[in-house]
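Protein chains in written order, with the working numbering: chain W, 60 to 385; chain E, 19 to 458.
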């Protein structure tokens with residue numbers, strides 16, 4: 060990354076130099092170019108940080124970039140569509156594993172987003188009326204968001220250990236289990252993963268929805284309660300429709316984040332990730348870095364990108380059409 | 019060159035991984051390379067051998083200072099943990115921003131050789147570091163593919179041994195095991211789940227440890243993991259039975275705590291042994307420092323070779339250890355060769371052997387890592403005569419990750435109450451074989 064910064068600096072410095080020599084007020088033509096000049100560093104950075112890597116990734120997916128060629132990239136022979144064929148051949152071990160990982164990720168994302176949204180909504184609504192200790196609770200709820208992700212997930216890792224973890228100890232004390240449950244291997248790994256991801260994510264939903272709630276005029280609720288509408292009715296007929304624009308964006312963002320979550324499985328499971336917790340980004344990381352086969356890894360990344368673009372496209376199309384109708 | 023670095027830097031981002039790998043110190047060395055003699059600085063990436071990264075630094079610094087006094091060549095040291103080392107090397111190869119000299123796990127040697135990023139120790143280079151005859155032949159054999167000039171030379175030697183608690187064995191009237199069957203019988207006798215007392219501890223959640231035992235147990239059955247053409251042969255009967263024999267320590271013999279399925283590194287099982295929760299542990303000789311650090315005294319444990327079943331091949335370990343490699347694109351080739359010669363010199367080996375609990379890689383050297391003469395002799399014997407190198411093929415790294423992770427999953431299944439049959443082991447190994455075949 061240091062290279063990228065070095066590259067960006069001279070380019071970014073150029074407009075500043077021009078500006079110093081002759082002020083903009085002396086050159087009428089500059090007014091037209093000034094917006095572009097001011098945008099240039101951002102565009103350049105965007106190109107370097109997002110667009111170019113993406114294009115390189117796409118290029119990588121079409122070459123045979125294995126350990127035999129990583130020291131000399133330009134010599135890597137073209138693979139045509141072979142990398143994609145390997146990734147999508149579901150009769151083969153690699154394709155099957157990718158498909159399984161994809162399935163796990165879909166289940167994980169749907170449940171995590173749903174839980175995060177429900178929890179976030181419940182907390183935001185509950186903390187809407189003013190009462191003693193409200194700010195304290197709000198602050199408390201934001202703790203998972205304020206904690207560095209690694210520290211938080213690592214703490215969960217300790218708590219979920221079988222013999223020494225707090226979770227098993229508490230369950231045992233409450234006589235809910237014999238205290239010998241494995242949380243980080245076997246089938247329970249998915250439950251643990253969803254719990255930790257939801258714990259990390261729901262505060263963002265809470266924060267966003269809380270902000271959205273502030274913009275709903277209070278008289279609406281007053282009028283509704285005069286008309287005899289109960290809390291649930293008010294929520295369904297006032298809160299939910301008013302928050303619609305917020306929800307549209309929120310759910311999409313939550314889904315995209317969850318689907319491409321890397322930190323949670325990486326920190327929670329380390330190198331011993333169980334099949335039940337094999338999320339797709341982590342799967343791609345292993346496919347590239349453990350086997351040194353960056354071509355196949357890149358092909359999988361491109362497939363993931365295409366999938367997320369299609370989902371996003373359909374989502375925006377469907378919700379957009381409904382908005383126009385409404 | 020610049021474009022390639024740029025492309026490499028952005029490509030790493032493309033994969034969504036932030037690699038903290040901008041080995042900046044290289045530039046300094048590069049710029050001073052032009053001025054001959056006087057001001058040469060080598061960048062050296064050392065692996066973690068001591069009790070912590072700082073401990074490694076403390077141990078190595080005086081050794082490197084002596085090298086600077088002798089030759090005038092400065093050495094810029096960075097100690098890298100095992101979780102990062104392979105990725106750091108990968109990134110260094112990919113970007114060309116590499117150190118001059120680097121430590122590698124010797125099992126990676128053939129895989130790294132295939133990248134063509136490392137200097138082959140051909141006739142001249144080998145003579146410059148003191149000639150190949152100074153090394154233990156099996157140790158040097160790990161340096162690269164058979165029949166090629168090695169791209170790495172041995173630095174620290176390690177071997178597996180079966181550590182046993184002398185007091186527990188004496189109390190149960192047991193002798194140190196000579197065969198696999200003895201070991202299982204003893205382990206059963208020393209297991210009492212009600213008291214949380216177990217015969218053995220296994221690092222059953224560590225894929226690197228697991229794959230070593232897949233290899234050793236299969237080797238005892240005379241089974242190989244790759245054929246002469248470098249193609250994987252994972253599903254042979256010897257391989258399946260070897261893997262199953264090791265899994266059965268937890269499954270059928272029930273001499274290991276199911277919690278071991280979560281032990282993702284060897285230190286955890288060694289700590290159980292040092293804390294006297296288990297009677298035996300199979301580990302490499304560098305376990306000594308952890309055992310002593312946990313309060314067990316040297317006389318309280320003994321070591322015998324990891325036993326094979328009666329009548330099987332006497333393989334007790336793979337040839338484990340750390341090798342030294344020089345990056346091909348180094349601007350200080352001569353200085354780097356001098357440094358490798360110094361590090362593999364008899365004096366340096368003696369100095370580092372004790373703090374790092376390593377076996378000497380030199381023919382005539384004596385182990386200095388322990389004061390227990392019997393232990394030293396056992397490990398030396400295992401290393402020199404009962405060890406077999408892991409497959410020296412480019413796909414070795416894939417063998418480690420696929421077979422090792424398959425074993426993790428099978429241990430998980432056993433720990434959570436499932437059973438793993440020979441057919442299931444075979445199916446899992448077949449999947450691993452397909453994965454290796456698909457990406458080679």
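In this text, a Cβ means the ideal position worked out from N, Cα and C, and glycines have one as well. A quick note: this is a predicted structure, and the numbers were derived from the prediction, not measured.
So, does the CB of residue i fall closer than 8 Å to a CB anywhere in chain W?
i	result
residue 395/E	no
residue 452/E	yes
residue 134/E	yes
residue 282/E	yes
residue 415/E	yes
residue 279/E	yes
residue 412/E	yes
residue 460/E	The shown model of chain E, from 19 to 458, leaves out residue 460/E, and the question about it has no answer.
residue 445/E	no
residue 449/E	yes
Taking residue i and residue j to be in contact with their CB atoms under 8 Å, please state how far apart those CB atoms are, rounded to whole angstroms.
i	j	result
residue 130/W	residue 134/E	5 Å
residue 273/E	residue 288/E	With 8 Å as the limit, residue 273/E and residue 288/E do not qualify as a contact, their Cβ atoms being about 17 Å apart.
residue 74/E	residue 66/E	6 Å
residue 82/E	residue 93/E	4 Å
residue 152/E	residue 384/E	Residue 152/E to residue 384/E, Cβ: 15 Å. No contact.
residue 124/E	residue 340/E	6 Å
residue 377/W	residue 327/W	At roughly 34 Å, the Cβ-Cβ gap does not stay under 8 Å, so residue 377/W and residue 327/W are not in contact.
residue 331/E	residue 238/E	5 Å
residue 119/E	residue 60/E	6 Å
residue 318/E	residue 183/E	7 Å
residue 117/W	residue 370/W	19 Å between Cβ atoms; not a contact.
Let me see if you follow: with CB-CB separation under 8 Å, is residue i close to chain E or not?
i	result
residue 67/W	Annotation note: pLDDT 42 at residue 67/W (below 50); position unreliable, coordinate value reported separately. Not one chain E Cβ lies under 8 Å of residue 67/W.
residue 314/W	no
So with CB distances below 7 Å, who are the chain W contacts of residue i?
i	result
residue 112/E	129
residue 105/E	348
residue 426/E	331
residue 419/E	349 and 350
What in chain W is Cβ-close to residue i, meaning under 8 Å?
i	result
residue 223/E	244 and 331
Around the Cβ of residue i, are there at least 16 other Cβ atoms within 10 angstroms (buried) or fewer (exposed)?
i	result
residue 439/E	exposed
residue 453/E	buried
residue 308/W	exposed
residue 418/E	buried
residue 423/E	buried
residue 147/E	buried
residue 52/E	Its pLDDT being 39, under 50, residue 52/E is placed unreliably by the model, and nothing is read from it.
residue 113/E	buried
residue 44/E	The predicted position of residue 44/E is uncertain, since its pLDDT is 39 and thus under 50; no value can be drawn from it.
residue 368/W	exposed
residue 335/W	buried
residue 176/E	buried
residue 290/E	buried
Can you pull the chain W neighbours of residue i, defined as C-beta to C-beta under 9 Å?
i	result
residue 335/E	None at all; the shortest Cβ gap to chain W is about 22 Å.
residue 108/E	126, 129, 348 and 351
residue 129/E	126 and 351
residue 308/E	Chain W residues near residue 308/E: none, gap ~18 Å exceeds 9 Å.
Using a cut-off of 8 Å between C-beta atoms, extract the partners of residue i located in chain E.
i	result
residue 322/W	Near residue 322/W there are no residues of chain E at all, since even the closest Cβ is about 11 Å away, more than 8 Å.
residue 20/W	The question about residue 20/W has no answer, for chain W in this structure spans 60 to 385.
residue 334/W	427
Going along chain C in order, which residues have a C-beta closer than 8 Å to the C-beta of residue i?
i	result
residue 151/W	Among the protein chains of the structure shown, namely W and E, there is no chain C.
Listing by chain order, which chain E residues have their CB less than 7 Å from the CB of residue i?
i	result
residue 222/W	277
residue 145/W	456
Which residues of chain E have a Cβ atom closer than 9 Å to the Cβ of residue i, listed in chain order?
i	result
residue 188/W	Those do not exist, as residue 188/W stays about 43 Å from chain E at its closest Cβ, beyond 9 Å.
residue 100/W	Per Cβ cutoff of 9 Å: no residues; residue 100/W is ~17 Å from chain E at best.
residue 241/W	276, 277, 279, 280, 430, 433 and 434
| request: Would you check if the segment 191-206 of chain W and the segment 249-268 of chain W touch, i.e. whether three or more CB-CB distances between them fall below 8 Å? | output: yes
| query | Can you find at least 3 beta carbon pairs, one from the segment 341-359 of chain E and one from the segment 175-195 of chain E, that sit closer than 8 Å? | reply | no
| said: Under 8 Å, with one C-beta from each stretch per pair, do the segment 339-350 of chain W and the segment 235-252 of chain W reach the 3-pair mark? | reply: no
| message | Measuring CB atoms only, is the segment 116-132 of chain W touching the segment 345-364 of chain W, in the sense that at least three cross pairs come out at less than 8 Å? | response | yes
| message | Would you call the segment 304-320 of chain E in contact with the segment 399-408 of chain E, where contact means no fewer than 3 C-beta pairs closer than 8 Å? | response | no
| At least 3 beta-carbon pairs within less than 8 Å: the segment 156-174 of chain E vs the segment 259-279 of chain E | no
| request: Inspect the CB distances between the segment 322-336 of chain E and the segment 232-249 of chain E and report whether three or more fall short of 8 Å. | output: yes
| Taking contact to mean at least 3 C-beta pairs separated by less than 8 Å, is the segment 264-272 of chain E in contact with the segment 214-231 of chain E? | yes
| query | Is it a yes or a no for the segment 388-398 of chain E touching the segment 210-227 of chain W, going by three-plus beta-carbon pairs under 8 Å? | reply | no
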